[in-house]
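Notes follow the structure.
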Amino acid sequence: TWRVLAIYMVLAANLSEQQALKQACSSCDASHLCNCSSMGLDFIPLGLTAKITVLNLAHNRIKHIQSQDLQQAVNLRALLLQSNEISSIDEDSFQSLAKLELLDLSNNSLAHLSPLWFGHLFSLQHLHLQGNCYRDLGQSSPFSSLRNLSSLHLGNPQFSVIRQGNFEGIELLHKLWIDGSNLSQYEQGSLKSIKEINHMIINLRNSNIFSDIVRDLLHSVTWLEVTEIKLPVQEKSLVQNSTRSFRIQKLTFKEAFFTDQTISQAIVLLKEITSLKEFEAINCVLEGKGIWNTKEIARSGQSFVETVTVIKVVIQNFHLFFDLEGMESQIDQLKRLTIASSNVFMVPCKLARHFSSLLYLDFHDNLLVNKRLDETICKGSWPSLQTLNLSQNSLKSLEQTAKYISRLSKLNNLDISQNNFGEIPDVCEWPKPLKYLNLSSTQIPKVTTCIPSTLEVLDVSGNNLKEFGLQLPFLKELYLTRNQLKTLPGAAPIPNLVALSVRRNKLNSFSKEEYVCDSPLAVRGAQVGTVHLSLMECHRSLVVSLICVLVFLVILVLVAVGYKYHVVWYLRMTWAWLRAKRKPKRAPPKDVCYDAFVSYSENDSEWVENTMVRELEQACPPFRLCLHKRDFVPGKWIVDNIIDCIEKSRKTLFVLSEHFVQSEWCKYELDFSHFRLFDENNDAAILILLEPIQSQAIPKRFCKLRKIMNTKTYLEWPAEEEKQQMFWENLKGALKS
Numbered sequence: 001t002w003r004v005l006a007i008y009m010v011l012a013a014n015l016s017e018q019q020a021l022k023q024a025c026s027s028c029d030a031s032h033l034c035n036c037s038s039m040g041l042d043f044i045p046l047g048l049t050a051k052i053t054v055l056n057l058a059h060n061r062i063k064h065i066q067s068q069d070l071q072q073a074v075n076l077r078a079l080l081l082q083s084n085e086i087s088s089i090d091e092d093s094f095q096s097l098a099k100l101e102l103l104d105l106s107n108n109s110l111a112h113l114s115p116l117w118f119g120h121l122f123s124l125q126h127l128h129l130q131g132n133c134y135r136d137l138g139q140s141s142p143f144s145s146l147r148n149l150s151s152l153h154l155g156n157p158q159f160s161v162i163r164q165g166n167f168e169g170i171e172l173l174h175k176l177w178i179d180g181s182n183l184s185q186y187e188q189g190s191l192k193s194i195k196e197i198n199h200m201i202i203n204l205r206n207s208n209i210f211s212d213i214v215r216d217l218l219h220s221v222t223w224l225e226v227t228e229i230k231l232p233v234q235e236k237s238l239v240q241n242s243t244r245s246f247r248i249q250k251l252t253f254k255e256a257f258f259t260d261q262t263i264s265q266a267i268v269l270l271k272e273i274t275s276l277k278e279f280e281a282i283n284c285v286l287e288g289k290g291i292w293n294t295k296e297i298a299r300s301g302q303s304f305v306e307t308v309t310v311i312k313v314v315i316q317n318f319h320l321f322f323d324l325e326g327m328e329s330q331i332d333q334l335k336r337l338t339i340a341s342s343n344v345f346m347v348p349c350k351l352a353r354h355f356s357s358l359l360y361l362d363f364h365d366n367l368l369v370n371k372r373l374d375e376t377i378c379k380g381s382w383p384s385l386q387t388l389n390l391s392q393n394s395l396k397s398l399e400q401t402a403k404y405i406s407r408l409s410k411l412n413n414l415d416i417s418q419n420n421f422g423e424i425p426d427v428c429e430w431p432k433p434l435k436y437l438n439l440s441s442t443q444i445p446k447v448t449t450c451i452p453s454t455l456e457v458l459d460v461s462g463n464n465l466k467e468f469g470l471q472l473p474f475l476k477e478l479y480l481t482r483n484q485l486k487t488l489p490g491a492a493p494i495p496n497l498v499a500l501s502v503r504r505n506k507l508n509s510f511s512k513e514e515y516v517c518d519s520p521l522a523v524r525g526a527q528v529g530t531v532h533l534s535l536m537e538c539h540r541s542l543v544v545s546l547i548c549v550l551v552f553l554v555i556l557v558l559v560a561v562g563y564k565y566h567v568v569w570y571l572r573m574t575w576a577w578l579r580a581k582r583k584p585k586r587a588p589p590k591d592v593c594y595d596a597f598v599s600y601s602e603n604d605s606e607w608v609e610n611t612m613v614r615e616l617e618q619a620c621p622p623f624r625l626c627l628h629k630r631d632f633v634p635g636k637w638i639v640d641n642i643i644d645c646i647e648k649s650r651k652t653l654f655v656l657s658e659h660f661v662q663s664e665w666c667k668y669e670l671d672f673s674h675f676r677l678f679d680e681n682n683d684a685a686i687l688i689l690l691e692p693i694q695s696q697a698i699p700k701r702f703c704k705l706r707k708i709m710n711t712k713t714y715l716e717w718p719a720e721e722e723k724q725q726m727f728w729e730n731l732k733g734a735l736k737s
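Residue 675 in full-length UniProt numbering sits at position 675 of the sequence shown, and the numbers go up by one each step.
Here's what the structure looks like:
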């Protein structure tokens, strides 16, 4: 018995835990995902089982994680606890989570990090600890057991110290993100223990420790991204006679602050990093006029950077900015240059001619105008350029723009979209190798032979084109969206076309002789003009939609007609009648229980129950009457009750009144009486007219009642008291017959 009791207690405990889990988190059930976020929880719900693989408890009010909270969730892969109020965690809270891959504890109130928390998280790949209130990572590494860690996010506005040994145990990271906005102390060598970091992002305002961090990362980080830094004046080398090969290839500054002096020194120092190939500056501020120390920059040797991207850089008093004369020797190895959304209005011709290796140039969203474009793209400038993006500038003349661009003898890809040209000439000069041209959203009203015939890709979307009839024998892709075209372009002038986009036009026709069918498969390759498909084949979705609409309308009409003419009522009655027909015509005498079944309206119940029933059931001998209120079998379908009671009664007594002909159940009772009694031409039905009623007032579906009232004698209840005795005598006589 004690074993049974123990099993019972275990089952009861499990059941109560599951009930507690459902009460605390209704969306947390037997599925693998348990989403309990934003539910105002103060604790981790009870009843977590091994079935759960993802547990989301973010945006609650949890303050403490206890040892037993997650003990049963042994198959958990992701645990999301961000944006709670967690200030303490028991040391063995995560001990059973050996399969956990993602742990998010960000934006809580943790004042310290304990290595014991993570000691058994052997499968952990992603750890988020940012947004808490710890000031350091402790005296040793909290991550020493996390051998499979791939991404680590840590730091907060109070985070101020990084010590040697804090990252011991981590060898490879795909991403490391550190919020060090108030980092004031960095022990050199702290990050050296990480052998490889693909992408590191650090928010750093203290410029004094910037160089130490960079030195530690030169041999491990592939892409270093620094935000909010005010670049320091730095004369000490970043390399310091290192013999190891550098790993860093890309350096990004976001929301950083530069001066003429710091940017000059940065250019010199970064040249020492021979592996650096790409430099980015996004949303930065440059305070200065471009007075850079070009002599020292030139003396420091050649830069290894091949790609420079500058986006949304603010140059205070940019109109006073110098032309960077003296920087010519530093740009001849550059291959890709992007300066976007930075108010560029020209590049001096002398400087442009020294971009001898540049293949890609992006000046989109700037202030270039046609007059300055003559200087920016002067003869001999950008000699190797293949791709040029001048979109979203202030160019007004397509003819002049094409003329200047024709100086780029190797250009094959040009984007001059979103410039307001307005007009297009008949003839233009273009670079001979040009194959890709984007003229979308340039307000041109038509296309002319200004567009070069050598093109393979042409985009003229978003203009006011009403037709397209150019001869472009090499064109493979044509984009004509958002125009005013009424007919597809002819196929003969563009015989090699592979892709055509004509969305959002006003198309209503095309040349059937020039186009061939692609589908259906049976007619693929045939000329459109020779193919005749059925309406269903051409417009299958439209035909199906029309059929569905028609079916819906037919159903709607049938429902309306049925409601008006009581079709449902007739169907129900027919079904009940068919069932009744299968029974014997008359019940055996032994089954007849009543002298009469009384059919009446509820509105006439007072007269029936208090007057007629009392008179008949107290007669001598008494009559046995069947009334639905007292004699119907509870729980039985009312129609079956009606049929059975009529069959078990010798007579059926109808109390007719205006209320009777309006009562649906009286209709049932009368119709069943028709089926079982009237059709047999006997006198089993007795009609009592409780009040004067015109046969014309009887609904049409009571056609037999109207006929009976016209052909059969009925008893009329007299208002005069002296005549009522005769009424009762006649009624009793009819019941006895």
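Glycine included, every Cβ here is placed at the ideal spot set by N, Cα and C. Predicted, not measured: the structure shown is a model, and the values here were computed from it.
Outcome for residue i when other beta-carbon atoms lying within 10 angstroms are tallied against a minimum of 16
i, result
"H128", "buried"
"H112", "exposed"
"Y563", "exposed"
"K723", "exposed"
"V633", "exposed"
"D644", "buried"
"Q471", "exposed"
First and last residue of the uninterrupted alpha helix (DSSP H) at residue i
i, result
"Y714", "Segment: none, Y714 is in no alpha helix (DSSP H) and carries neither H nor E."
"F660", "658 to 662"
"D644", "638 to 647"
"W728", "721 to 736"
"T227", "Segment 221 to 227 is the beta strand (DSSP E) holding T227; no alpha helix (DSSP H) there."
"residue 821", "Residue 821 lies beyond the residue range present for the chain, which begins at 1 and ends at 737; the question has no answer from this structure."
"V557", "540 to 564"
"T387", "T387 -> not in any alpha helix (DSSP H); beta strand (DSSP E) instead, spanning 387 to 389."
"I213", "210 to 217"
The beta strand (DSSP E) enclosing residue i, as first and last residue numbers
i, result
"R135", "Neither: R135 is in no beta strand (DSSP E) and is coded neither H nor E."
"G155", "151 to 155"
"F253", "250 to 254"
"V598", "594 to 599"
"I178", "172 to 180"
"D374", "No beta strand (DSSP E) holds D374; the alpha helix (DSSP H) holding it covers 370 to 376."
Nearest-angstrom Cα separation, counted from residue j out to residue i
i, j, result
"G131", "K254", "20 Å"
"E228", "N293", "24 Å"
"D631", "E647", "14 Å"
"L334", "S83", "45 Å"
"F279", "T401", "30 Å"
"N166", "S190", "7 Å"
"L361", "T442", "20 Å"
"L488", "N366", "35 Å"
"L677", "D604", "Unreliable placement is indicated for L677, whose pLDDT of 49 sits below 50; the coordinate value is still reported in the next sentence. Their Cα atoms are separated by approximately 24 Å."
"N681", "V554", "For N681, the predicted model reports a pLDDT of 47, less than 50, meaning its position is unreliable and no value from the coordinates is stated."
"N463", "G490", "19 Å"
"Y404", "A340", "20 Å"
"N317", "V221", "36 Å"
"T448", "D426", "5 Å"
"I315", "G288", "7 Å"
Among the options, nearest to residue i - alpha-carbon criterion
i, options, result
"H174", "G180, P433, E196", "E196"
"N438", "E423, D415, D426", "D415"
"F510", "M536, Q185, V528", "V528"
"N60", "F43, A50, N75, S67", "F43"
"Q68", "S88, I86, T53, S93", "S93"
"L368", "G380, V347, I202, F304", "V347"
"H659", "H364, I693, K736, C548", "I693"
"I178", "R205, E423, K277, E171", "R205"
"L55", "G40, I62, A78", "A78"
"F654", "N393, V543, C626", "C626"
"I52", "C133, L735, R614, V74", "V74"
"S519", "N483, V531, N508", "V531"
Proximity test, residue i beta-carbon vs the ligand GDP heavy atom, cut-off 7 Å
i, result
"Q95", "Summarising the ligand content, the structure contains no ligands, and the ligand GDP is consequently not present."
Below-8 Å beta-carbon distance, residue i vs any chain B residue
i, result
"I170", "Looking for chain B here will not work: only one protein chain is present."
In chain order, which beta strand (DSSP E) runs of at least 3 residues are fully inside the region 256 to 327?
257 to 259, 278 to 282, 285 to 287, 307 to 311
Entirely within the region 39 to 110 and at least 3 residues each: give me those beta strand (DSSP E) ranges in chain order.
54 to 56, 78 to 80, 102 to 104
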